[in-house]
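Participant: Sequential numbering from 994 applies to the sequence shown in our numbering. Virtual Cβ for every residue (Gly too), placed ideally from N, Cα, C.
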Amino acid sequence: MIVCLLAGLLAACQQAPPPTPAPPPTSVAQGGFGQTERAFVDLSIATNEQALKLLENAGRPELVANRHAELERLRALLDSPYVNLHEGHDMPGMPTDAEIQLAATDLQARDQYVRAHLTESLKVVKVARGH
994 MIVCLLAGLL
1004 AACQQAPPPT
1014 PAPPPTSVAQ
1024 GGFGQTERAF
1034 VDLSIATNEQ
1044 ALKLLENAGR
1054 PELVANRHAE
1064 LERLRALLDS
1074 PYVNLHEGHD
1084 MPGMPTDAEI
1094 QLAATDLQAR
1104 DQYVRAHLTE
1114 SLKVVKVARG
1124 H
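(1) Out of 1087, 1057, 1035, point me to the one whose CA is closest to residue 1067's CA.
(2) Taking 6 Å as the limit between beta carbons, can you name the residues of its chain near residue 1099, skipping five residues before and five after?
(3) Could you work out which residue in 1038, 1116, 1030, 1060 is closest to residue 1078 when comparing CA atoms only?
(4) With DSSP as the reference, label residue 1107 as helix, strand or coil.
(5) Among 1123, 1121, 1026, 1119, whose alpha-carbon lies nearest the alpha-carbon of residue 1072?
(6) Return the CA-CA distance between residue 1070 and residue 1028, expressed in angstroms with no decimal places.
(7) Which same chain residues, not among the five before or five after residue 1106, have their C-beta less than 7 Å away from its C-beta?
(8) In or out: residue 1032 buried (at least 16 other Cβ within 10 Å) or exposed?
(9) Taking the C-alpha atoms as reference points, what is the distance between residue 1086 and residue 1055?
(10) Taking only beta-carbon atoms, is residue 1108 less than 8 Å away from chain C?
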C-alpha cells in the first residue's frame, strides 16, 4: 500500500503545471489609448477642423499653420480611421457652421468667435497639464 501511495505521489509531481491563465482584456486600444484618450483626440480633431474654417478668414496665417500641424499630429495618434462623431455639435470653443458663415461677413463676430475658440483651447491645455 505504501508503495502504491509513493508511486502515485511521484507520478503527480512529474505532471506539468496548469497553464497560466490569459490576462483579462483591457480597455486600452491597440495604439495605447483607452476610450477617454481616443474620445479626446476625436474631439480635438473635430474642433480643429471647424476652427480651421474660421481661422482661414481671420488673417492669421500662423494660427492656420498651427491648426494644420496639430491636426496632422492628432491623426497620427490614431490607429484606426477617424470618424467625426461631433459634426453639428455646439460645444464651447468649437465654431458652428452658422458662426463660421456669420464670421465671413461680420468682422466683429469673427474676432469674437476666434477669441472664444482660443480661450477654450487654452482652458483645455491647462486642464490637460494638471493631470
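Facilitator: Reading from the atomic positions:
(1) Your numbering for residue 1067 matches position 74 in the sequence shown. For residue 1067, the nearest C-alpha among the options comes from 1035.
(2) By one-based count along the sequence shown, residue 1099 stands at place 106. Cβ neighbours of residue 1099 beyond the five flanking positions: none.
(3) By one-based count along the sequence shown, residue 1078 stands at place 85. Measuring from the Cα of residue 1078, the nearest candidate turns out to be 1038.
(4) Looking up residue 1107 in the sequence shown gives position 114. The answer is helix: DSSP assigns residue 1107 an H, G or I state.
(5) Translated into the one-based positions of the sequence shown, residue 1072 becomes position 79. Nearest option by C-alpha distance: 1026.
(6) As a working mapping, residue 1070 is identified with position 77 in the sequence shown. As a working mapping, residue 1028 is identified with position 35 in the sequence shown. Looking at the two C-alpha atoms, the distance is approximately 13 Å.
(7) The sequence position of residue 1106 within the sequence shown is 113, counting from 1. Residues of the same chain with a CB within less than 7 Å of the CB of residue 1106, apart from the 5 flanking positions on each side, are 1047, 1088, 1092, 1096 in chain order.
(8) Stepping through the sequence shown from its first residue, residue 1032 is reached at position 39. Label assigned to residue 1032: exposed.
(9) Reading the sequence shown from its first residue, position 93 is the one you call residue 1086. Reading the sequence shown from its first residue, position 62 is the one you call residue 1055. Separation of residue 1086 and residue 1055 (C-alpha to C-alpha, rounded to the nearest whole angstrom) is 18 Å.
(10) Looking at the structure shown, chain C is missing, and only one protein chain is on hand.
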